[in-house]
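What follows is one structure encoded as structure tokens, with my remarks underneath.
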Amino acid sequence: MGIGKLLPIFAYAQPVYKKCECCGRVRDIYYRMHVMDPKDTNLLVGSIELCEPCGEKLGSITDQKLAKETVLAKFAPEDDI
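Residue numbering for the sequence shown follows our numbering, beginning at 3 and increasing consecutively.
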């Protein structure tokens, strides 16, 4: 079992302005890392709020690809709304 399964990182729909629990700086929070129980990966032990640089660094350490943005719909200028 990989560490990415025990420490999954999720992106917020919109950033929240508060303190990063990794570096301690007050800035926009883009990610939340869940800490899962190693015995049963369906149980949540806790979570950590992460700013963008900390989330990207922890994502690279745990070999996770983080989505910076999610495109819900694409509109072309020639399309009718």
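Glycine included, each C-beta is placed from N, C-alpha and C at the ideal position.
- DSSP, read as helix, strand or coil, puts P40 in coil.
- P17 is positioned such that its CB atom lies no closer than 9 angstroms to that of I5.
- Restricting attention to E80, F77 and G61, the CA atom closest to the CA of F12 is found in G61.
- Just measuring C-alpha positions, the residue of A75, Q66 and L9 sitting nearest P40 is L9.
- Take the alpha-carbon of E58 and the one of R34: they are about 11 angstroms apart.
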